[in-house]
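Structure first, then comments.
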Amino acid sequence: MSIPISRLSVDPPSDPMRPLLFLLCASIPLHAGVWPQFLGPQRDATAQDEAVITGGSEPEILWNRKLGSGHAGPVVSKGRVIVFHRQGADMVTEALHATDGKAIWRQAYPASYRDSFGMDNGPRAVPCIAEGKVITHGPEGIVQALDFESGKLLWSYDTVAELESPQGYFGRACSPLVTEGKVLLNVGGKGGAGIIALDLQSGKPVWQATDHEAGYSSPILIPEDTGVSAFFTRSGIVLTQNSDGKVLADEFFRAEIDASVNAAAPVPCGDGKLLFSAAYDVGAALWQWNKTERKLVNLWKKAAVLDCHYTTPVYHNGHVYGLHGRQESGMTLRCIAVADGKVAWEASDRIQGGTLILVGDKLLLHTESGELWIIQATPEKFQLLRSSQITRAGHRSHSAFANGLLYARDAEKMVVVKVK
18 MSIPISRLSV DPPSDPMRPL LFLLCASIPL HAGVWPQFLG PQRDATAQDE AVITGGSEPE
78 ILWNRKLGSG HAGPVVSKGR VIVFHRQGAD MVTEALHATD GKAIWRQAYP ASYRDSFGMD
138 NGPRAVPCIA EGKVITHGPE GIVQALDFES GKLLWSYDTV AELESPQGYF GRACSPLVTE
198 GKVLLNVGGK GGAGIIALDL QSGKPVWQAT DHEAGYSSPI LIPEDTGVSA FFTRSGIVLT
258 QNSDGKVLAD EFFRAEIDAS VNAAAPVPCG DGKLLFSAAY DVGAALWQWN KTERKLVNLW
318 KKAAVLDCHY TTPVYHNGHV YGLHGRQESG MTLRCIAVAD GKVAWEASDR IQGGTLILVG
378 DKLLLHTESG ELWIIQATPE KFQLLRSSQI TRAGHRSHSA FANGLLYARD AEKMVVVKVK
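Under the working numbering, think of the first position of the sequence shown as 18, with each following residue one higher.
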């Protein structure tokens with residue numbers, strides 16, 4: 018059953034298909050996977066312990082739900098989907114049943130954000146589910162912790178009032194990273210508060226570091242040394258010690274022009290290696306964190322091999338897959354070798370953009386035109402297995418993948434798609 022894009026709307030309670038959809042969703046093992054934060058369980062855009070995808074059958078849209086504005090993608094855990102969006106004058110966080118989209122709870126606060134370019138006024142940052150809490154970071158600079166079960170507000174922290182966090186070009190967009198009982202964010206605050214850590218239980222500041230302005234990237238933990246976080250700020254690369262905020266590395270890596278952004282998250286590539294990439298003639302660079310010597314070493318730096326505007330690339334078996342180029346001129350999907358940055362292949366089709374998820378040896382590319390591409394993740398050649406329209410065009414939002422389902426949104430609604 019594939020629902021045409023023209024029929025995407027909220028199903029009424031009396032829909033006779035709802036019991037069938039519930040059974041279809043309930044038959045999927047809930048332990049098969051979660052997507053509790055930006056870029057998934059390990060913040061590497063890789064789904065964990067999921068069933069094999071072949072691309073042999075058309076994806077099925079199981080249910081959909083109308084949403085407000087915003088580019089914040091959904092997160093999934095314990096049979097619930099958390100969405101963060103704007104409805105009228107409110108910034109809204111909602112918990113929905115993963116089986117049918119029915120509401121469990123709703124929490125809202127007054128929205129004050131106005132986009133400087135007259136574009137979308139909703140949230141950008143993907144929420145984070147951790148230790149029984151939902152952490153959100155709104156475009157106006159409000160960080161909140163809600164109880165995962167009830168939606169009760171536990172604490173709120175205003176980065177503008179407390180730290181004079183600037184709005185930037187497109188509002189605040191750093192997705193929270195929770196580690197060691199702290200919430201880590203790049204907020205670009207004044208007085209050495211470029212990066213901050215808030216206590217997960219109380220929301221009180223724990224430490225702050227650097228004068229770096231905020232970029233549009235979000236931090237990750239270094240897999241081989243989880244006591245260290247990697248940030249891609251407006252100015253470049255910063256590694257911090259999670260316990261006390263000590264800056265372990267600070268490397269300039271950004272465009273020469275002011276009207277530019279660093280937006281893709283760092284990509285872990287095994288053995289302490291991290292790939293950073295940006296557009297505006299910056300290119301890509303591979304760095305390696307030496308845990309023993311506590312030192313960050315550059316392995317290579319190249320322009321025009323993988324210049325990522327905003328999409329975070331994905332690592333798989335010695336290669337990185339990402340979108341090269343800027344939205345204005347169109348992007349192409351490329352595969353590059355981690356060892357030397359050499360381009361293995363480039364897809365011929367140019368697209369306006371999209372986001373990537375790796376499931377097994379398949380890439381799921383949700384394009385800005387609303388298509389879902391299923392691609393074989395191999396350095397041999399570009400192999401598009403299937404392309405299907407799943408959302409309307411013209412939206413930029415990270416998707417989630419859990420229990421065999423892709424949770425994707427556009428400017429009007431979220432769709433839940435069974436990928437085969």
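For glycine and all other residues, C-beta sits at the position ideal for the given N, C-alpha and C.
Being a predicted model, the structure only gives us computed values, none of them experimental.
Secondary structure of threonine 116 (DSSP, three-state): coil. Residue pairing for proline 285: DSSP places it in a beta bridge opposite Leu291. One thing to note: tryptophan 306 has its Cβ no nearer than 9 Å to the Cβ of leucine 292. In the DSSP assignment, glutamate 77 falls within the unbroken beta strand (DSSP E) covering 77-83.
By the beta-carbon neighbour count (other beta carbons within 10 angstroms, threshold 16), glutamate 385 is buried. Rounded to whole angstroms, serine 365 and alanine 281 show a C-alpha spacing of 22 Å. In this structure the region 141-151 touches the region 190-210; the number of beta carbon pairs closer than 8 Å is three or more.
Within the same chain, Cβ atoms closer than 6 Å to the Cβ of valine 177 are found at Gly158, the five residues on either side in sequence being excluded.
In this structure leucine 113 is in contact with arginine 97, their Cβ atoms being roughly 7 Å apart against a cut-off of 8 Å.
Between leucine 340 and glycine 387, the C-beta spacing is not below 9 Å. The shortest CA-to-CA distance from valine 255 to any of Val314, Asp216, Gly300 is the one to Val314.
Asp216 is the residue among Asp216, Gly105, Arg403 whose C-alpha sits nearest the C-alpha of valine 160.
Shown here for methionine 108: same chain residues with a beta carbon closer than 7 Å to its own, the five before and five after excluded, namely Ala125, Tyr126, Ala128, Pro140, Gly155 in chain order. Relative to the Cα of phenylalanine 55, the nearest Cα in the group Ile70, Phe101, Val69 belongs to Phe101. Around the beta-carbon of glutamate 345, fewer than 16 other beta-carbon atoms lie within 10 Å, marking it exposed. Take histidine 412, set aside five residues on each side of it, and the residues of its chain with a beta-carbon closer than 8 Å to its own are His88, Glu385, Gly387, Arg426, Asp427, Ala428, in chain order. For the set Gly149, Thr71, Pro76, the Cα lying nearest the Cα of lysine 95 is the one of Gly149.
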